[in-house]
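Protein chains in written order, with my numbering: chain V, 120 to 213; chain B, 120 to 213; chain G, 120 to 213; chain P, 6 to 346; chain E, 6 to 346; chain D, 6 to 346.
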Amino acid sequence: MKRVDVILSERELERLIGVINSSGAPGYSVARHITGQGAHGVVTSESLEVTGLGANVHVIVFCEEPITKNLCRELKPLLNYYGGVAFVSNCEPV
Amino acid sequence: MKRVDVILSERELERLIGVINSSGAPGYSVARHITGQGAHGVVTSESLEVTGLGANVHVIVFCEEPITKNLCRELKPLLNYYGGVAFVSNCEPV
Amino acid sequence: MKRVDVILSERELERLIGVINSSGAPGYSVARHITGQGAHGVVTSESLEVTGLGANVHVIVFCEEPITKNLCRELKPLLNYYGGVAFVSNCEPV
Amino acid sequence: MEKVRPSPGLVDTALAFQNILTPPVLFFFLGVLAVLLGSDLEIPAPLPKLFSLYLLLAIGFTGGVQLQRSGLSLMVLMGVGASVLMASVIPLYSFLILRTRLDVYNSAAIAAAYGSTSAVTYITAESFLRVLQLPYDSFMVAALALMESPAIVVGLLLVRLLAHAPQKPGQQKVGVGAVLHEAFLNSSVFLLIGSLAIGFLVAQQGPTGVQKLELFTDKLFYGVLTFFLLDMGLVAARRLNELRRAGPFLIGFAVLMPLVNASLAIGLASLMGMQQGTALLFAVLCAGSSYIAVPAAMRMTVPEANPSLYISTGLGLTFPFNIIVGIPLYLQVIKAVIPAN
Amino acid sequence: MEKVRPSPGLVDTALAFQNILTPPVLFFFLGVLAVLLGSDLEIPAPLPKLFSLYLLLAIGFTGGVQLQRSGLSLMVLMGVGASVLMASVIPLYSFLILRTRLDVYNSAAIAAAYGSTSAVTYITAESFLRVLQLPYDSFMVAALALMESPAIVVGLLLVRLLAHAPQKPGQQKVGVGAVLHEAFLNSSVFLLIGSLAIGFLVAQQGPTGVQKLELFTDKLFYGVLTFFLLDMGLVAARRLNELRRAGPFLIGFAVLMPLVNASLAIGLASLMGMQQGTALLFAVLCAGSSYIAVPAAMRMTVPEANPSLYISTGLGLTFPFNIIVGIPLYLQVIKAVIPAN
Amino acid sequence: MEKVRPSPGLVDTALAFQNILTPPVLFFFLGVLAVLLGSDLEIPAPLPKLFSLYLLLAIGFTGGVQLQRSGLSLMVLMGVGASVLMASVIPLYSFLILRTRLDVYNSAAIAAAYGSTSAVTYITAESFLRVLQLPYDSFMVAALALMESPAIVVGLLLVRLLAHAPQKPGQQKVGVGAVLHEAFLNSSVFLLIGSLAIGFLVAQQGPTGVQKLELFTDKLFYGVLTFFLLDMGLVAARRLNELRRAGPFLIGFAVLMPLVNASLAIGLASLMGMQQGTALLFAVLCAGSSYIAVPAAMRMTVPEANPSLYISTGLGLTFPFNIIVGIPLYLQVIKAVIPAN
Ligand SMILES: Nc1ncnc2c1ncn2[C@@H]1O[C@H](COP(=O)(O)O)[C@@H](O)[C@H]1O
Ligand SMILES: Nc1ncnc2c1ncn2[C@@H]1O[C@H](COP(=O)(O)O)[C@@H](O)[C@H]1O
Ligand SMILES: Nc1ncnc2c1ncn2[C@@H]1O[C@H](COP(=O)(O)O)[C@@H](O)[C@H]1O
Ligand code: NA
Ligand code: NA
Ligand code: NA
């Protein structure tokens, strides 16, 4: 099994969920109010809450290897355009 | 070292912590207000907050291999009965 | 690529971010309001909110292997003094 | 309120509109509209929790104060007793109806939800009565707290007695104790009963303590209710999709059941000699479906049941139905059946 | 208010101090100070959201009630029309100025932000008028809602027509529909318009509903605004660092632009015969820069633009400038130009 | 309030009950009960933070307004000076007592906590005085802010001078500057002092600004305090378990120390000629133990100390003791010692 971690702006969450669903993944989990720093600067929750931009979200998807492939293919352009990062690692179901 | 990620409904958190403690794990961490989708449908935080069912929690346990075994043995029936997912991966202490 | 997970008290977050920045990591993400249990006892969010101590944070850093080395070297004394845990695992960019 | 009524029909419509055109109900519609139009309006957690804690504390406290003033009369006991009775009987006949289409687990869970009641519906009815300046006994809030538990217990018994499924591998037996604990000590019931007791105690000390807190419980009440109903509109509308999947049987059940339960309640109220306002509260208590304490308890007792069924019917359909159509409708019937005093 | 004015100069200073020394503005300073001194004071999420939802609901509702009372007069239509016009014109000349130094993307995004307006600045100006007991038309709140959309649309058109960059690999075309959806249905605009409509409807039913909600919308207003401005002080001060990086051109733009826009607005107001209070609201609407709806829409339309530029200028500089210097200054000019009635 | 007192004993009991049977204290009990019975009642974060921000802002503002009205008299300076003195002296003798059983680190941390004070206890005492309609000087709120810092500084000095432990590998030296920063700029102290200064400034401008904010700071105060004490009941009760582990020595310390400190304070107050109400506030300031600013600073200065010790004693025992037994008890002693004026 694979585990995909995606971190990007909350604004793009709906778009990301669309990509996850169309990849055939059996599920996903979302943590909100994530702050951080990356290529596009610092994200702090307070200021963005007021501006309506929202903070980041951290989305985790556990899925089989082939689905990971689909997911990554669709994910890349999203991350390139809007920013954010995603990484894949190995895991085993209990 | 192993890392166990468990995601299930907040309602079952106390039961899960009981299982973790009895497995001999040296600790755990809990993130609340996790939303997501899985075999039992979509979990959104707003509606569940009102119904008193709570959203999901994401629990992480770092522990030695043998303890993982104990943990997984007890975890399986919990997940089967109440829903939720759990995965194990490798890691190293810093 | 490596993934470093650090969990410690929110009070030490600024210090940790200092360490991450000086290690040369390209970014990091922070989840707040993490509760849990470890060598220093149980951390519940409610009581600490009032005492001003804050709950825990979970910080994730994705970075290249050599940077992980820097990071871990600086992280260890921090964790020894103030408590908290950190683990390293492997991952691939999408 | 006009003294000369040109025709009953006209007045009835006015009454219906009078509830719909109050700020709380209009903001409920606004919430529904936001979801239907795809606006990103949301009341982020834990703000809805703040509102519901406030509302429970306020109605509990006010009810306790009034209970102390009116004393524990026979009327009080009868009103509360009738509510507990209805909370035990409604699940039984609901179960029989539901079993014609659904399995034991889902039938029991939905039946329990309809046996208990909806705090927000009750509060909306109460604020409607205040706007109309129709007197009522605010001790009925005690019934609001006491209806959760019997419904949960009956739901539990139905499952225990009637479900013969072989235990699934790994299934964990949930003790009756744990369920009763949930039934009596879940946060909503606990806060309501606690605030009621505190209102009672404080009122016994004299008017100072009551007055000081009333600035908080009275003045803000309508505004917080308005905000809360805005959120409930968002929540209910998000459930509409799931409702479609529930099918016509459940949709019919969610609309007809409150009518049946309210009719029974109005009959009982008339027999017991309740005044009009109190009768409306009683009808609303019986017509409502719980989406707070009962679902939590059912999730524990009957994980086999599908939460989206028992939550969606109550929250997505019965709740809006009671708020919009039910409250003014029941009051019209009550005005026809029970003489004003 | 004193009748005998010793000297115009003295009075003007008093007026300026009168705004600065109100609790909301002083708490704004306290927030700025907290960041500058490194205090860990913060208003954790989602509390600022609670305050802003409350303020939008309250001004929307109050505006709707007043609109119903005053009726949809020519004055109302002209005031709202002028606001929409300014929201379309300001981005055009702002864009021309910004293009001398910045690329198309950033110029369009910043221009759109200055075309729209700042709700908090508007609310602070309104509460300033209340303290001075200067009459104003509260229907201007409708303009507050209606200025977001034209600015967003103009910003979008500017990018579509003038950006000839080759599409980046993987770039996703955002439909005009999605942007318009964001422009008209984002939560702030939606809640404001919805509350306005509800205020209008409730006021038509008579005074009862209005009075019941006014306990909530009136009594708490000033306190919630105070809390919100404390938070805005924290937020604005955290943006100061980024501003330094923005360079002198943008800093100058962020201070001069509100002066230009307010001057134009005061001229228009004088031509249209607005009363003094309403003219101030109109000037403030034009002088403000949006950091709520526009940034969200721009992030969607022009991800190429740097959010820290358009948010920092509006939030870190134009907003405090308007609150502290702008509001009393514009009012002085208005008092010189428009006769009191 | 009755004029004819049948017997002193009776009155005393009545006084004690009068505090216990106020809504805030009763809701504190309800919170404790919820934890003991295992109810899942909780006030989710960040709502307690909202309540405490509000309470600090409100008492700071009110205190500032009163300070402006009464002027900076000798009485004010003496009252504040005595508080700062006590905050420096209490940690010294507390440390000596604690060192008989605990190491330097834990002794210093607990001593510092008892040198400082508990804002909620102070607020509860103030609201008790309001119910009794006993006059008091609300400038004592300045002392509330100023007692945190000396206690932290003394705690820091004790560790620096008396702890000779070899530095642990990897230990990081925390600068005195960082600790002083924490002592003077932590969010509670900062907000309190800031609100005090703003109250002072606004009151100088005349009554309008004060009146507008008082709708918010006065009317809601009692209700928010009630909610906050409900939460404090939950929090304190959760600490009870840890207390058991702390052992009888610390339990005795947590109950006897407030009595000793309050006695000293009442003696001083009598010497200084404070009026009864002010003397109660002073006694409560000295009797309280900080669980807000001091723990945060101690965690930074002395990570070797066990936070559960210094938080649990203050929050789990001294705080409830002061609220329930202390406040009415101190007032009785004061009434015996200081003549009413
Ligand atoms: N190397 C990294 N490790 C962990 N999180 C990251 C990293 N880079 C970016 N992020 C997260 O992803 C968000 C968006 O990234 P970016 O678009 O690169 O600014 C940041 O605000 C961080 O929360
Ligand atoms: N494949 C998955 N990847 C990530 N999270 C999942 C996955 N499946 C389920 N979850 C999470 O676990 C929760 C409960 O799962 P379930 O009981 O399968 O509905 C979901 O609401 C998700 O938050
Ligand atoms: N074995 C573990 N697995 C997951 N989280 C842990 C573990 N040990 C400690 N933690 C987290 O790190 C925090 C601080 O750890 P400690 O200083 O060991 O008490 C705890 O409150 C937990 O949230
Ligand atoms: Na019912
Ligand atoms: Na503008
Ligand atoms: Na003290």
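For every residue, glycine included, the Cβ atom is placed at its ideal position computed from N, Cα and C.
Is F181 (chain V) near ligand 2, with its Cβ less than 7 Å from a heavy atom? In the first sequence, counting from the first residue as 1, residue 181 (chain V) sits at position 62. In this structure, the C-beta of F181 (chain V) approaches ligand 2 to less than 7 Å from one of its heavy atoms.
Can at least three beta-carbon pairs, one atom from the region 336-345 of chain E and one from the region 36-54 of chain E, be found at a separation below 8 Å? Remark: fewer than three beta-carbon pairs, one from each stretch, lie closer than 8 Å, so the region 336-345 of chain E and the region 36-54 of chain E are not flagged as touching.
Output the boundary residues of the alpha helix (DSSP H) element that contains H169 (chain P). Taking the fourth sequence and counting its residues from 1, one reaches residue 169 (chain P) at position 164. Note, H169 (chain P): premise wrong, no alpha helix (DSSP H); not H, not E.
Find out if the Cβ-Cβ distance for the pair L4 (chain P), Y119 (chain P) is shorter than 8 Å. Within the shown structure, residues of chain P are numbered from 6 to 346, placing residue 4 (chain P) beyond reach of any answer.
Determine which residues share a DSSP beta bridge with S128 (chain G) and list them. Position 9 of the third sequence, counted from the start, is the residue given in the question as residue 128 (chain G). Its beta-bridge partners are G:N175.
Label A158 (chain G) either buried or exposed according to how many other C-beta atoms from any shown protein chain fall within 10 Å of its C-beta, with 16 as the threshold for buried. For the purposes of this step, residue 158 (chain G) is taken as residue 39 along the third sequence, with counting starting at 1. Of the residues assessed, A158 (chain G) falls on the exposed side of the cut-off, its CB having fewer than 16 other CB atoms within 10 angstroms.
Determine which residues share a DSSP beta bridge with F206 (chain V) and list them. As a position in the first sequence, residue 206 (chain V) is number 87, starting the count at 1. Bridge partners of F206 (chain V): V:D124, G:P212.
Tell me the DSSP secondary structure of S148 (chain G) in three-state form. Taking the third sequence and counting its residues from 1, one reaches residue 148 (chain G) at position 29. Strand at S148 (chain G).
Could you tell me how far apart the beta carbons of I153 (chain V) and N175 (chain V) are, in whole angstroms, since I believe they sit closer than 8 Å? Sequence index remark: in the first sequence, residue 153 (chain V) carries index 34 (1-based). Sequence index remark: in the first sequence, residue 175 (chain V) carries index 56 (1-based). Taking a contact as a CB-CB distance under 8 Å, the pair I153 (chain V) and N175 (chain V) counts as one, their CB atoms being some 4 Å apart.
The alpha helix (DSSP H) enclosing G3 (chain P), as first and last residue numbers: Because residue 3 (chain P) is not part of the residues shown, which for chain P are 6 to 346, the question remains open.
According to a CB-to-CB cut-off of less than 7 Å, which residues of the region 175-192 of chain B neighbour chain V? Residues passing the 7 Å Cβ filter: N175, H177, C191.
Just to make sure I have the definition right: I need the residues of chain B whose C-beta is within less than 8 Å of the C-beta of E153 (chain G). Which are they? The sequence position of residue 153 (chain G) within the third sequence is 34, counting from 1. Note that residue 153 (chain G) corresponds to Ile in the displayed sequence, not to Glu. Within chain B, S148, V149, A150 have C-beta atoms less than 8 Å from the C-beta of I153 (chain G), given in sequence order.
Starting from V136 (chain P), find everything on chain E with Cβ-Cβ shorter than 9 Å and list it in chain order. Mapped onto the fourth sequence, residue 136 (chain P) falls at position 131. Within chain E, the residues near V136 (chain P) are T213, G214, K217.
At the 8 Å Cβ level, is A144 (chain B) part of the contact set with chain V, yes or no? As a working note, residue 144 (chain B) is residue 25 in the second sequence. It does not: the Cβ of A144 (chain B) has no partner Cβ on chain V nearer than 8 Å.
Evaluate the contact criterion for the region 90-101 of chain P versus the region 270-285 of chain D: three or more CB pairs, one atom per stretch, below 8 Å. No, because fewer than three Cβ pairs between the region 90-101 of chain P and the region 270-285 of chain D fall closer than 8 Å, the two stretches do not touch.
Any non-hydrogen atom of ligand 1 within 7 Å of V162 (chain V) CB: What you label residue 162 (chain V) is simply residue 43 of the first sequence in a count that begins at 1. Yes; taking the cut-off as 7 Å, the Cβ of V162 (chain V) has a heavy atom of ligand 1 nearer than that.
Determine which residues share a DSSP beta bridge with I153 (chain V) and list them. Mapped onto the first sequence, residue 153 (chain V) falls at position 34. As computed with DSSP, I153 (chain V) is found in a beta bridge with V:N175.
Examine ligand 4 and report whether any of its heavy atoms sits within less than 7 Å of the Cβ of Y296 (chain P). By 1-based counting over the fourth sequence, the position of residue 296 (chain P) is 291. Because no heavy atom of ligand 4 lies under 7 Å away, the Cβ of Y296 (chain P) does not count as near it: no.
How about S208 (chain G) and N209 (chain B): are their beta carbons less than 8 Å apart? Here residue 208 (chain G) corresponds to residue number 89 of the third sequence, with the count starting at 1. Here residue 209 (chain B) corresponds to residue number 90 of the second sequence, with the count starting at 1. The beta carbons of S208 (chain G) and N209 (chain B) sit closer together than 8 Å.
What are the start and end residues of the alpha helix (DSSP H) that includes G120 (chain P)? Residue mapping note: residue 120 (chain P) aligns to position 115 of the fourth sequence, counting from 1. Its alpha helix (DSSP H) spans residues 109-120.
T222 (chain E): contacting residues in chain P (beta-carbon distance under 9 Å): Residue mapping note: residue 222 (chain E) aligns to position 217 of the fifth sequence, counting from 1. Think of a sphere of 9 Å around the beta carbon of T222 (chain E): the chain P residues whose beta carbon falls inside it are G228, in chain order.
If you draw a straight line from the C-alpha of G65 (chain E) to the C-alpha of V125 (chain V), how long is it? Residue 65 (chain E) sits at position 60 when you count from the first residue of the fifth sequence. Residue 125 (chain V) sits at position 6 when you count from the first residue of the first sequence. Cα-Cα distance, rounded: 39 Å.
Is DSSP giving L89 (chain E) helix, strand or coil here? The sequence position of residue 89 (chain E) within the fifth sequence is 84, counting from 1. Strictly speaking, residue 89 (chain E) in this sequence is Val, with Leu absent from that position. For V89 (chain E), the secondary structure class from DSSP, reduced to helix, strand or coil, is helix.
Grab the span of the alpha helix (DSSP H) containing V338 (chain D) for me, first residue to last. The count along the sixth sequence starts at 1 and reaches residue 338 (chain D) at position 333. 332-342 is the extent of the alpha helix (DSSP H) around V338 (chain D).
In the structure shown, what three-state DSSP assignment does V307 (chain E) receive? Position 302 of the fifth sequence holds residue 307 (chain E). DSSP places V307 (chain E) in coil when its eight states are reduced to three.
Classify F144 (chain P) as helix, strand or coil using the three-state DSSP reduction. On the fourth sequence, position 139 is the one that residue 144 (chain P) refers to. Under the three-state reduction of DSSP, F144 (chain P) is assigned to coil, being neither helix nor strand.
Within 8 Å (strictly less), CB to CB, does L72 (chain E) reach chain P? Locating residue 72 (chain E) in the fifth sequence gives position 67, counting from the first residue. With 8 Å as the cut-off, L72 (chain E) does not count as an interface residue toward chain P.
If I measure Cβ to Cβ from S141 (chain B) and keep anything under 6 Å in the same chain, skipping five residues before and after, which residues do I get? Position 22 of the second sequence, counted from the first residue, corresponds to residue 141 (chain B). The beta carbon of S141 (chain B) lies closer than 6 Å to none in the same chain, with the five residues before and after it left out.
Quick one: what's Y181 (chain B) bridged to in DSSP? The sequence position of residue 181 (chain B) within the second sequence is 62, counting from 1. What sits at residue 181 (chain B) in the sequence shown is Phe, not Tyr. B:R122.
Is A158 (chain B) near ligand 3, in the sense that its beta carbon is under 7 Å from a heavy atom of that ligand? Taking the second sequence and counting its residues from 1, one reaches residue 158 (chain B) at position 39. A158 (chain B) Cβ: outside cutoff for every heavy atom of ligand 3.
Neighbour list for G157 (chain V) in chain G, Cβ cutoff strictly below 9 Å: On the first sequence, position 38 is the one that residue 157 (chain V) refers to. Ordered by position in chain G, the residues that pass the 9 Å Cβ test against G157 (chain V) are P145, G146, Y147, S148.
Should F181 (chain G) be labelled buried (16 or more other beta-carbon atoms within 10 Å of its own) or exposed? Taking the first residue of the third sequence as position 1, residue 181 (chain G) is located at position 62. Classification of F181 (chain G): buried, given that the 10 Å Cβ count is 16 or more.
To the nearest angstrom, report how far apart L79 (chain P) and V85 (chain P) are at their CA atoms. On the fourth sequence, position 74 is the one that residue 79 (chain P) refers to. On the fourth sequence, position 80 is the one that residue 85 (chain P) refers to. Whole-angstrom Cα-Cα distance: 10 Å.
State yes or no: is the beta carbon of A39 (chain P) nearer than 8 Å to at least one beta carbon in chain E? As a first step, residue 39 (chain P) is located in the fourth sequence; it is residue number 34 there, counting from the start. Yes, because at least one Cβ of chain E sits closer than 8 Å to the Cβ of A39 (chain P).
Using 7 Å as the cut-off, classify the Cβ of S142 (chain G) as near or not near the heavy atoms of ligand 6, replying yes or no. As a first step, residue 142 (chain G) is located in the third sequence; it is residue number 23 there, counting from the start. In this structure, S142 (chain G) has its beta carbon at no less than 7 Å from each heavy atom of ligand 6.
Evaluate M6 (chain D) with the Cβ neighbour count: other Cβ atoms within 10 Å of its Cβ, from every protein chain shown; 16 or more gives buried, anything less gives exposed. As a working note, residue 6 (chain D) is residue 1 in the sixth sequence. For M6 (chain D), the predicted structure reports a pLDDT of 38, less than 50, and the residue's modelled location is therefore unreliable. The matter cannot be settled from this model.
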